[in-house]
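Here the structure is laid out as structure tokens; the discussion comes afterwards.
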Amino acid sequence: MNIVMAASECAPYFKTGGLADVVAALPKALSKKDHTLTVILPKHRFLPSDISSQLQLEGTFDVWVKWRKQYCGLFSYETESVKFYFLDNEYYFNRAQLYGEVDDAERYTFFTHAFFQALEHLNLVPDIIHCHDWQTGLIPAYIKAGVYKEPVKTVFTIHNLKYQGIFPSTIFHELLHLDAVHIGGLELNGAINFMKGALVHADWVTTVSPTYAHEILNPYFGEGLEKFLLERQTSVSGIVNGIDEELYNPSSDLNVSVPYSRNYAGKKENKRIMQQELDLAISTDIPMFALISRLVEDKGLPLLTQILDELLRTESIQVVIMGTGDPHFEEAFQTISNNHPNSCRFINVFHEGLAHRLYAASDFFLMPSRFEPCGLSQLIALRYESIPIVRETGGLKDTINPYNEFTGEGNGFSFTNYNAYDFLHIIRYAIHLYYQPAHWNRILKNVYKTKLNWEHSATKYEEIYYTLTKNIHEEELYVHNCRDSQSTVERETHLIIR
1 MNIVMAASEC APYFKTGGLA DVVAALPKAL SKKDHTLTVI LPKHRFLPSD
51 ISSQLQLEGT FDVWVKWRKQ YCGLFSYETE SVKFYFLDNE YYFNRAQLYG
101 EVDDAERYTF FTHAFFQALE HLNLVPDIIH CHDWQTGLIP AYIKAGVYKE
151 PVKTVFTIHN LKYQGIFPST IFHELLHLDA VHIGGLELNG AINFMKGALV
201 HADWVTTVSP TYAHEILNPY FGEGLEKFLL ERQTSVSGIV NGIDEELYNP
251 SSDLNVSVPY SRNYAGKKEN KRIMQQELDL AISTDIPMFA LISRLVEDKG
301 LPLLTQILDE LLRTESIQVV IMGTGDPHFE EAFQTISNNH PNSCRFINVF
351 HEGLAHRLYA ASDFFLMPSR FEPCGLSQLI ALRYESIPIV RETGGLKDTI
401 NPYNEFTGEG NGFSFTNYNA YDFLHIIRYA IHLYYQPAHW NRILKNVYKT
451 KLNWEHSATK YEEIYYTLTK NIHEEELYVH NCRDSQSTVE RETHLIIR
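Counting from 1, one number per residue, gives the positions in the sequence shown under the UniProt record's numbering.
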């Protein structure tokens, strides 16, 4: 199949979160199954210079956003059998941040229009257009409205339902190239909602774990969109993410001080070096816990701030926290770190290389999230043989099987209730088993056997693509028959409903 993906970010070009890792790894996995993969992205300011210097200019064209005529440059770059195209407009994309600008609606409407013109300019006719998150939510709506004339099916992946692309209703007439009859498919609570547009119009909706796909059907997790998902739940799938095991590989990662694989002695040496680097008490027998995260409430940080001081006072452990975010959490972690100088460090930045070294040095990885669509950090932790301690929600529940000391099964530890003392209890239980070699070695063996790559997940996406494309001819015949038997007014009504 000819598969085109649209997204707002992709590693290593520009990244704010896990979306970028998925958009980097999934096309690569699908290309290994002999599909043709194309990824179309905005050309943001942060494109690394070594890649920017290799871009090939494929052409330029004008893009209309209602009355505004804007330049668009189309650049290409190919790597690992995936063709990337970057849509260039400095006014829209040469910004300090990828999102959060006052004109985000206009920026990503421009991206939508430029996306379709890029397909035309390249004479590219996809079988599937796979869109990711709200920034691409208009694409399925435009296709159903007839903006794109080729027979193509759309898949839309929700990476986090909380972020929806909600804008004033006035943008419908100010920016969008759609007739008023289509406003109902985009409007919600008096605003234009890009995410709703995708949920209503895409041929299939996926999200990034089976548990999250089930959770978002209820109001607690549905963020106001649950009724639209419930209406189409037979075409909503949860497919857990994988990670790129070549990129995240402790035996070849240049960031790791001492390369290792399935070798706990190697991890201990990385821990010793990290203790030295962070000026912590040096002892490879002390269990080290790491948390690498955006410092926001959704990551379960209120639970950690509530128990961390007690944990450090009563247990012989070390805790290293890395991240930036809510000043309330930054201050709390800095205070706790100051109060426990031999056993706790707060690193108030995010540094990719240091994060890799922390994965390699830590014995345990903390993820007490309130909700987590999939999560990649726990998968990376498993790859670096750091045992995850998670709350049972979303993708954390799907990827971490709690250790059972009676059966010897399980690749981590988990707790169910969003409760600080349940979290504290499971941490203490993990510490208890850390000092029992028979159990600890069994847990590590289970971690070594955990499947983390994209092969299984890519096959699941492939099955959805095949399900959609095999019916294209049948639908074309159906529409043709409708046209023969209906008046013009009836035909237009039928297509709008459809």
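Glycine residues also receive a C-beta, built at the ideal position from the N, C-alpha and C atoms.
These numbers come from a predicted model, not from an experiment.
Per DSSP, the continuous beta strand (DSSP E) segment holding residue 290 begins and ends at 288-292. Taking a cut-off of 8 Å for Cβ pairs, the segment 379-393 and the segment 421-434 touch, as three or more such pairs fall below it. Exclusion of the five residues before and after residue 440 leaves 433 and 434 as the residues of its chain whose Cβ lies within less than 8 Å of its Cβ. In the structure shown, residue 127 adopts coil according to DSSP, grouped into three states. If you ignore the 5 residues before and after residue 191, its C-beta comes within less than 8 Å of the C-beta of 166, 167, 168 and 169, all in its own chain and listed in chain order. Beta-bridge annotation (DSSP): residue 318 is paired with 288. DSSP places residue 398 outside any beta strand (DSSP E); the residue lies instead in the alpha helix (DSSP H), whose first and last residues are 394-399. Residue 55 is positioned such that its CB atom lies no closer than 8 Å to that of residue 121. Exclusion of the five residues before and after residue 303 leaves 368, 420 and 423 as the residues of its chain whose Cβ lies within less than 6 Å of its Cβ.
Residue 175: member of the alpha helix (DSSP H) spanning 171-175, first to last residue.
Secondary structure remark: continuous alpha helix (DSSP H) runs of at least 4 residues inside the segment 33-80, in chain order: 49-52. In the three-state reduction of the DSSP assignment, residue 454 falls in the coil class. DSSP lists 129 as the bridge partner or partners of residue 154. Nearest to residue 144 by alpha-carbon distance, out of 199, 101 and 132, is 199. Annotated three-state conformation of residue 324 is coil, per DSSP. Nearest to residue 212 by alpha-carbon distance, out of 448, 265 and 157, is 157. Shortest Cα-Cα distance from residue 142 to any of 111, 314 and 164 involves 111. Residue 440 is bridged by DSSP to nothing; it lacks a bridge partner. The C-alpha of residue 139 lies about 40 Å from the C-alpha of residue 385. In this model, residue 90 and residue 52 are separated by some 14 Å (Cα to Cα). For the options 290, 436, 322 and 20, the alpha carbon positioned closest to that of residue 98 is the one of 20. Residue 412 is classed as buried because its beta carbon has at least 16 other beta carbons within 10 Å across all chains shown. Residue environment analysis places residue 436 among the exposed positions, since fewer than 16 neighbouring C-beta atoms fall within 10 angstroms of its C-beta. Shortest Cα-Cα distance from residue 292 to any of 240, 365, 445 and 193 involves 365. Residue 207 is bridged by DSSP to 158 and 238. With fewer than 16 other beta carbons inside 10 angstroms of its own, residue 219 counts as exposed. A residue is called buried when at least 16 other Cβ atoms come within 10 angstroms of its Cβ; residue 234 does not meet this threshold and is exposed. Spatial neighbours of residue 425 in its own chain (CB-CB distance under 8 Å, excluding positions within 5 residues in sequence) are listed in chain order as 415. In this structure, DSSP gives residue 464 a helical state, which the three-state scheme calls helix. When the beta-carbon positions are compared, residue 109 and residue 161 stay at least 8 Å from each other. When C-alpha distances from residue 260 are compared across 402, 451, 8 and 359, the shortest belongs to 359.
Here the segment 36-51 lies against the segment 1-12, with 3 or more beta-carbon pairs under 8 Å apart.
By the neighbour-count criterion, in which 16 or more other beta carbons inside 10 Å mark a residue as buried, residue 456 falls on the exposed side. Going by DSSP, residue 423 is part of no beta strand (DSSP E) but of the alpha helix (DSSP H) stretching over 420-434. Three or more Cβ pairs drawn from the segment 235-247 and the segment 22-32 lie within less than 8 Å of each other, which places the two stretches in contact. Non-local beta-carbon contacts of residue 16 in its own chain, meaning distances under 7 Å to residues more than five positions away in sequence, involve 9 and 98 in chain order.
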